[in-house]
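All residue numbers for the sequence shown refer to full-length UniProt numbering, where the first residue is 1 and numbers rise by one.
Below: one structure, written as structure tokens.
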Amino acid sequence: MQEEMLEMFKHCSIDATVVESMSYFWALPYRPKNNSVLLAVTMGVPDFSKMTFDEKSYLDLIAINSLLMNPLTQMSGISLIFDWSGFHMSSFLAFKPVSVIRLMNHMLKSLPVRIKEIHVVNIHAIFRVVCNFFYFVLPKELRSCVFFHPNDDWKSLHQFIPPEILPEEYGGHLKQSSMINLLEDVKKLEMQFGELFTFGYVKTKNIRQSLKLIK
């Protein structure tokens, strides 16, 4: 599994200033009743003229890895809101199914992450095929944790997550300024992630030691 990840990312190079201009991965300040960390991913924000899909996948991975430094999160898991507003054709064309499968396998098999709930909001019908692909690459036991909500019908989402801990854009009470940008310090996140590759096969030693994609 480690070798697959190294192969996937070996040609990536990410400009830190580009990441700073594309804030798309957020943690909410409060946990829901299941005690998981609540994350919001705005799918339409990443600009794939400035980064590849594999590079975005790397950013997702190092952000989630940083959350797992907290033992409570390891035990209680994460819940995600995938917000598809602003997702357009250029994003669709950048989508790489093979990378999604590799990333999902690595998260579920190599990281101590438990996914409690996945909520899908603001998806346009034309891009439902992308969302359906995400759904079907999930293990069967996780598919029951995926919930699709009607566009702009926040009552559906509020059945699972109370508005008191959601931002205003999802019909909640919190200001956007209270949300935590998980990619605010990507160089620090990469340093933490690199510790996972301290050990491994001899043949991948050079690649592991040189895994620094953030410039």
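Think of the CB as a built atom: it goes at the ideal place given N, C-alpha and C, for glycine as much as any other residue.
Item, Value
"Cα-Cα separation between residue 16 and residue 59, rounded to whole angstroms", "11 Å"
"The ligand ADP heavy atom lying under 7 Å from the CB of residue 130", "This structure does not include the ligand ADP; it has no bound ligands of any sort."
"8 Å Cβ cutoff met for residue 68 and residue 111", "yes"
"Backbone CA spacing between residue 127 and residue 44 [nearest angstrom]", "11 Å"
"CB of residue 165 within 8 Å of CB of residue 38, strictly", "yes"
"Residue 222 versus residue 124: straight-line alpha-carbon distance, rounded", "Nothing about residue 222 can be read from this structure; the chain reaches only from 1 to 215."
"Reduced DSSP category for residue 113 - H, G, I as helix; E, B as strand; rest coil", "coil"
"Own chain residues within Cβ distance below 7 Å of residue 181, not counting five before or after", "23 and 26"
"Among 29, 8, 9 and 48, nearest to residue 177 - alpha-carbon criterion", "29"
"Rounded separation between residue 9 and residue 54 - CA only", "7 Å"
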